[in-house]
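Read through the structure below, which is laid out as structure tokens, and then see the notes.
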Amino acid sequence: MGQDVKVDRVIDARGSFCPGPLMELIKAIREAKVGEVISVYSSDSGSKRDIPLWVEKAGHELIGVFDRNGYAEFIVRKKR
Amino acid sequence: MKKVLILGGGVGGTIVANVLARKVSPSEANITLVDATGKHTYQPGFIYVAFSDAKPENLVRNERSLLDKHINLIIDEAILIESNERRVRLKSGRILEYDYLVVATGARLCPEELPGFKAAHHFYDLDASIRLRRALDNFPGGRVVIGIGGIPYKCPPAPAEAACQLDYYFTRRGSRHKAEIHYLSPLPRVFPLESVAPLVQEIMESKNIQYIQLFNVERIEPEKGLVHSLEGESLKYDLLIVVPPHKGAKVIEDSGLGDKGGWIPTDKYTLRVKGYDDIYAIGDATDIPISKAGATAHYEAKIVAENIAAEIKGSGMIKRYDGKVRCFCDAGFKKGITMVFDYEHPPKPTRLSRKWYYAKMLVGKLYWSLVLKGWA
């Protein structure tokens, strides 16, 4: 299925269009400790562009993007 | 007779109480609403206090005047929810028992969580909106910066709407040429809703509103007039407007019902607090990843009221919340946009129209008489 990393927190943001999954990820990253891994589920078509862009700009690590059944899963590690 | 206890007299709590009072008779349920102030404030009006001519006193009414006569209103502060005992402690020492509890305690502004916030203005409460208006009236010119200091926050489109209102305000004063407007978007687009973002970007460009994307405000350095982002960028400002960080209500934290931010884990369809069959949460208080806005609380409240009524009458749960939200944004110059969406259907692209501006104004007019009664 794609990942063998331990996920510390799962955010189910399916069905969220406003404010949207990236906002949920930013909130979670602010709350997380450095090194923690967050998984975000998204059904918003914009996430495949938004989330990698923000993760790169904010200096975190995008471990992977996985197509699931009707949604995408993004796995991100907080790096700083 | 069942005891229904509602915490919070904002839009969600008021609608639940009023709809429930119509659905069940006084002999079937005793409905009590607890509110700390007893005053109800129309929050979408803050932006018009800050950037237009709305009179602050017109945004506030006594909660009692908005409630059905069969609803008990207690003006007091809930300080502890003891869910195992099905009771709530109030600041006065009074203890209220319940069969059904509806938590509509909203969001709490926590500007102290953002370093340097004292140097910033905002429009998320009435006093701050009045102060911002004074600051704008005395603004000699320069760079006005609007950013977002924490997620989640109420009404995700509001900061972009405020940028447009600033443009309208300065234009009406004849001083637009003296003001640079910079909007800091936390996202890689100028508006939260993807399908609407291209239109909002076009609107901002037409108004010469400059924007920086992927800028989440992390701290303010007042002595240097700088605002810094989580992503490592900085920007100078002359007048700074920042959405303050938000948290859930203190009673939620103190009762151990919230997550790290004090938001209540809530089933997004049933609106029951996870792990409880007798507690519902609505509006800003929940952790559901959708807009914290009156429009959300409005739709959720009607579902919860109908379902509690159905439980009391023994007909079982009948409705699920589908995530529906409808809202209007004012782009200035008496034009606006509208957005409708739910969990399954993203918003469709909209267009700028006078119709949506007047629709927003109409909602404001009907708020007290129809929306809060649950008729609209």
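In order, the protein sequence lines correspond to chains C and U.
Quick note, the first sequence lines up with residues 29 to 108 if you use my numbering.
Quick note, the second sequence lines up with residues 2 to 377 if you use my numbering.
Where is the CB? At the ideal position from N, CA and C, for every residue including glycine.
Values in this document were obtained by computation on a predicted structure and should not be read as measured data.
DSSP has residue i in a bridge; who is on the other side?
i	result
Ile-152/U	Paired residue(s): none; Ile-152/U is not in a bridge.
Ile-131/U	DSSP lists no partner for Ile-131/U.
Tyr-69/C	Asp-40/C and Glu-101/C
Thr-33/U	Leu-6/U and Asn-73/U
Ile-304/U	Per DSSP, none; premise fails for Ile-304/U.
Glu-222/U	Leu-227/U
Tyr-281/U	Val-103/U and Arg-273/U
Arg-327/U	Val-341/U
Arg-87/U	Answer by DSSP bridge pairing: none, since Arg-87/U is not bridged.
Ser-354/U	Gly-337/U
Phe-40/U	Before going further, note that residue 40/U is Lys rather than Phe in the sequence given. Its beta-bridge partners are Asn-63/U.
Glu-89/C	Arg-105/C
Ser-235/U	His-229/U
Going along chain C in order, which residues have a C-beta closer than 8 Å to the C-beta of residue i?
i	result
Ser-235/U	Per Cβ cutoff of 8 Å: no residues; Ser-235/U is ~14 Å from chain C at best.
Ser-379/U	This structure gives no information on residue 379/U, because the portion of chain U shown stretches from 2 to 377.
Phe-342/U	Phe-45 and Cys-46
Lys-261/U	Glu-59
Gly-324/U	Gly-43
From the options, pick the residue whose C-alpha is nearest to that of residue i; which is it?
i	options	result
Gln-214/U	Ala-86/C, Ile-91/C, Val-104/C and Val-93/C	Ala-86/C
Tyr-99/C	Arg-105/C, Val-33/C and Asp-72/C	Asp-72/C
Ala-294/U	Arg-135/U, Asn-31/U, Lys-155/U and Arg-23/U	Lys-155/U
Lys-24/U	Ser-130/U, Asn-308/U and Asp-239/U	Asn-308/U
Ile-280/U	Ile-291/U, Thr-267/U and Pro-290/U	Thr-267/U
Arg-90/U	Thr-38/U, Phe-192/U, Tyr-170/U and Leu-8/U	Leu-8/U
Lys-356/U	Lys-349/U, Phe-342/U, Ala-332/U and Cys-165/U	Ala-332/U
Gly-150/U	Ile-210/U, Glu-219/U and Gly-142/U	Glu-219/U
Pro-27/U	Lys-3/U, Thr-351/U, Val-12/U and Tyr-49/U	Lys-3/U
Arg-108/C	Glu-84/C, Gly-48/C and Asp-40/C	Glu-84/C
Glu-83/U	Lys-349/U, Ile-76/U, Ile-313/U and Leu-102/U	Leu-102/U
Gly-74/C	Gly-48/C, Gly-92/C, Val-65/C and Ile-66/C	Gly-48/C
Arg-109/U	Ile-96/U, Ala-121/U and Tyr-125/U	Tyr-125/U
Leu-53/C	Ile-39/C, Asp-32/C and Glu-64/C	Ile-39/C
Ala-360/U	Ser-370/U, Leu-67/U, Cys-330/U and Trp-376/U	Cys-330/U
Leu-236/U	Asp-343/U, Ala-180/U and Gly-148/U	Gly-148/U
Using a Cβ-Cβ cut-off of 9 Å, state whether residue i counts as contacting chain B.
i	result
Val-35/U	Absent from the structure is chain B; the protein chains it does hold are C and U.
If the cut is a Cβ gap below 8 Å, which residues of chain U does residue i touch?
i	result
Asp-72/C	Glu-195 and Pro-347
Leu-81/C	Pro-189 and Leu-215
Assign residue i to one of two classes, buried (16 or more other C-beta atoms within 10 Å of its C-beta) or exposed (fewer than that).
i	result
Trp-82/C	buried
Met-29/C	Its pLDDT being 47, under 50, Met-29/C is placed unreliably by the model, and the measurement read from it follows with that caveat. When all chains shown are included, Met-29/C counts as exposed.
Ile-338/U	buried
Arg-96/C	exposed
Ser-230/U	buried
His-178/U	exposed
Gln-245/U	Reading off the sequence, residue 245/U comes out as Pro, not Gln. With 16 or more other Cβ atoms within 10 Å, it is buried.
Met-51/C	buried
Thr-38/U	exposed
Leu-21/U	buried
Met-340/U	buried
Ile-57/C	buried
Met-318/U	exposed
Met-205/U	buried
Asp-168/U	buried
His-247/U	buried
Gly-117/U	buried
Gly-46/U	buried
Val-372/U	buried
Lys-70/U	exposed
Asn-217/U	buried
Glu-183/U	Reading off the sequence shown, one finds His at residue 183/U, where the question assumed Glu. By the 10 Å Cβ count, His-183/U comes out buried.
Val-305/U	buried
Val-127/U	Before going further, note that residue 127/U is Leu rather than Val in the sequence given. Its Cβ being crowded by 16 or more others within 10 Å, Leu-127/U is buried.
Residues of chain C with CB closer than 7 Å to the CB of residue i, please, in chain order.
i	result
Val-305/U	Simply none; closest approach about 18 Å.
Pro-266/U	The premise fails here: Pro-266/U is roughly 11 Å from chain C at the closest Cβ pair, so nothing lies under 7 Å.
For a contact meaning CB atoms closer than 7 Å, what does residue i contact in chain U?
i	result
Ile-54/C	Ile-152, Pro-187 and Asn-217
Asp-78/C	Leu-188 and Pro-189
Ala-86/C	Leu-231 and Glu-232
Leu-50/C	Leu-188
Please list, in chain order, the chain C residues whose beta carbon lies closer than 9 Å to that of residue i.
i	result
Pro-350/U	Correct list: empty, because the minimum Cβ distance to chain C is about 13 Å.
Ser-66/U	What Ser-66/U touches in chain C: nothing, since even the nearest Cβ is about 32 Å away.
Pro-157/U	Cys-46, Pro-47, Gly-48 and Met-51
Please give the ranges of any beta strand (DSSP E) in the stretch 94-149 of chain U, keeping only runs that are unbroken, at least 3 residues long and fully inside the region. Entirely contained in the stretch 94-149 of chain U, the beta strand (DSSP E) runs reaching 3 residues are, in chain order, 96-98, 101-104, 108-110 and 143-149.
Identify every run of the beta strand (DSSP E) within the stretch 149-215 of chain U, keeping only runs that are complete inside it and at least 3 residues long; order them along the chain. 180-185 and 210-213
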